[in-house]
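>
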Amino acid sequence: MTARPDPRREIDGDVYVSPRHLASSTFTGDPALTPLLNLDWDLRHDEDGNVFVSAPDQGVRLGYLPEGPDDGLWRINAYADPFGPPAWGVCFNNNAPTEFVTALTTALAIAYQQGSDAYLARPQAGTDERDPLLAIVPLLEQSWDFDRPRPDVFAIRAPDRLAVMEYTAGNLDAEAELVSRTARWHLWAGTSIDHPLWYATASTNTPLALLTALTQSVADPAPLLRWRQDTSSYRKGMAQLTPIPAPGPKPPTPLEVHRAVGLRRPAALPAASVPRWSTTSQPTAPTPRR
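Numbers -19 to 270, taken from the working numbering, label the letters of the sequence shown in order.
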């Protein structure tokens, strides 16, 4: 018996991926860099193709590191002292959907224009406006629900159980938060925390406005546009792929119709003798044979 082809393998070209947390990266950093470059931030790169963007006052630095030492493709740090340790740090790995990174850098650009009080604003538990747990509200509004995977971890999980936002309570190592996945906030997708489809981390003092911009983008029910690729989420059939139909042939213009009729007209038949037809015309009676 001939095996039936997998219908997912027949999909090619542009597709919509839903839910969006199962989309992968677009593998281009331009959309996420644009909000910062529009503010005339300094752009540099090394011989390996890594890109470094820094604010004029060196208060924020971003690294886009396709040739970095690990899978942390995006590393964004803010500094109260340009020569001191980072006040906060965010990391996205190489498979994180680019739209999520763009949402955060867009919020960062807005905060930077408002000054250091905005882009260095520390969340404060128990307050009405800066409580860090307010960042999960966009997810709750899209029916994500609470979970408690570990005693010190509070989590909120997507309806399909394939994306999780984790918040770790207690004291954390500030340096480890910046270089590992043991950060205050840990967002990941897939079936295993050890082998996620993608992940993002944010350290303790990441401003609430940036966290909320990220969760709003993740919670958005709109699908993401992608080129059909063999990523793990697509192979396992977890994501819903909706092909975008190719546009149909363009209807001919009146000029093209006129030319086509003129080419088909018999040369010996004068144009004035060609009968016109409309929906109100009566069929022409047959001419008797001689």
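Yeah, the Cβ is synthetic: ideal placement off N, Cα and C, and Gly gets one too.
Please read these numbers as outputs of a predicted model, since none were measured by experiment.
Counting only runs that start and end within the segment 141 to 168, where is the beta strand (DSSP E) found for 3 or more residues in a row?
143 to 148, all fully within the segment 141 to 168.
> Excluding the 5 residues preceding and the 5 following Ala91 in the sequence, name in chain order all residues of the same chain whose CB lies nearer than 8 Å to its CB.
Hits under 8 Å: Ala98, Tyr99, Ala101, Pro187, Ala189, Leu190.
> Have a look at Tyr59 and Asn73 and give me their C-alpha separation to the nearest angstrom.
Rounded to the nearest angstrom, the two C-alpha atoms are 22 Å apart.
> DSSP three-state label for Ala135, please.
The answer is strand: DSSP assigns Ala135 an E or B state.
> Please report the distance separating the alpha-carbon of Ala180 from that of Arg161.
Approximately 8 Å between the Cα atoms of the pair.
> Based on Cα-Cα distance, which residue from Pro201, Leu194, Glu236, Asp200 lies nearest to Cys71?
For the residues Pro201, Leu194, Glu236, Asp200, the minimum Cα distance to Cys71 belongs to Leu194.
> Would you tell me roughly how many angstroms separate the C-alpha atoms of Tyr(-4) and Gln104, rounded to the nearest one?
Those two C-alpha atoms are separated by around 38 Å.
> Below 8 Å, can you find three or more Cβ-Cβ pairs linking the segment 107 to 122 to the segment 48 to 57?
At 8 Å Cβ cutoff, the stretches do not touch.
> Enumerate, from N- to C-terminal direction, the unbroken alpha helix (DSSP H) stretches of 4 or more residues contained entirely within the segment 166 to 224.
Runs found: 188 to 199, 212 to 215.
> Give the secondary structure of Phe63 by DSSP, where H, G and I count as helix, E and B as strand, and everything else as coil.
Coil.
> Between which residues of its own chain and Ser123 is the CB-CB distance below 7 Å, once the five residues before and five after are set aside?
Answer for Ser123: Pro139, listed in chain order.
> Does the beta-carbon of Ala202 have 16 or more other beta-carbons within 10 angstroms, so that it is buried, or is it exposed?
Result: exposed.
> In the DSSP output, what is Trp68 paired with across the bridge?
In DSSP, Trp68 forms a bridge with Ala58.
> If you drop the 5 nearest sequence neighbours on each side, which residues of the same chain put their C-beta closer than 7 Å to that of Arg24?
So the list reads Phe32, once near-sequence residues are dropped.
> Once the 5 residues before and after Ser(-2) are set aside, which same chain residues still bring their CB inside 6 Å of it?
For Ser(-2), where only same-chain residues beyond five positions count, the Cβ hits under 6 Å are Pro203, Gln220.
> Please list, in chain order, all residues of the same chain as Ile224 whose beta carbon is under 6 Å from its beta carbon, the five residues on each side excluded.
Same-chain partners within the cutoff: Asp(-6).
> Under the three-state reduction of DSSP, which class applies to Arg130: helix, strand or coil?
In this structure, Arg130 counts as strand in the three-state DSSP scheme.
> So, for Leu2: in the same chain, excluding its five sequence neighbours on each side, which residues have a beta-carbon less than 6 Å away from its beta-carbon?
So the list reads Ser213, Met218, Ala219, once near-sequence residues are dropped.
> In terms of alpha-carbon separation, which member of Asn30, Gly39, Ser4, Thr8 lies closest to Trp21?
Checked all of Asn30, Gly39, Ser4, Thr8; the closest Cα to Trp21 is Gly39.
> Could you give the first and the last residue of the continuous alpha helix (DSSP H) run that contains Leu16?
Its alpha helix (DSSP H) spans residues 10 to 17.
> Among Ala135, Leu152, Glu109, Arg206, which one has its Cα closest to the Cα of Ile173?
Out of Ala135, Leu152, Glu109, Arg206, Ala135 has the C-alpha closest to the C-alpha of Ile173.
> Quick one, which of Asp61, Glu27, Leu88 has its alpha-carbon nearest Thr14's?
Nearest option by C-alpha distance: Leu88.
> For Val133, I'd like the list of residues in its chain whose CB is within less than 8 Å of its CB, leaving aside the five on either flank, ordered along the chain.
Only Glu146, Tyr147, Thr148, Ala149 meet the Cβ criterion.
> Distance check for Gln94 and Ala83, CA to CA, integer angstroms please.
Straight-line Cα distance between these residues: approximately 17 Å.
> What residues match up with Asn73 in a beta bridge as DSSP calls it?
Looking at the DSSP assignment, Asn73 forms a beta bridge with Gly52.
> Which residue comes first and which comes last in the alpha helix (DSSP H) that contains Ser(-2)?
It is not in any alpha helix (DSSP H) - Ser(-2) instead sits in the beta strand (DSSP E) that spans -6 to -2.
> Where DSSP assigns a beta bridge to His25, which residues make up the other side?
Per DSSP, Val31.
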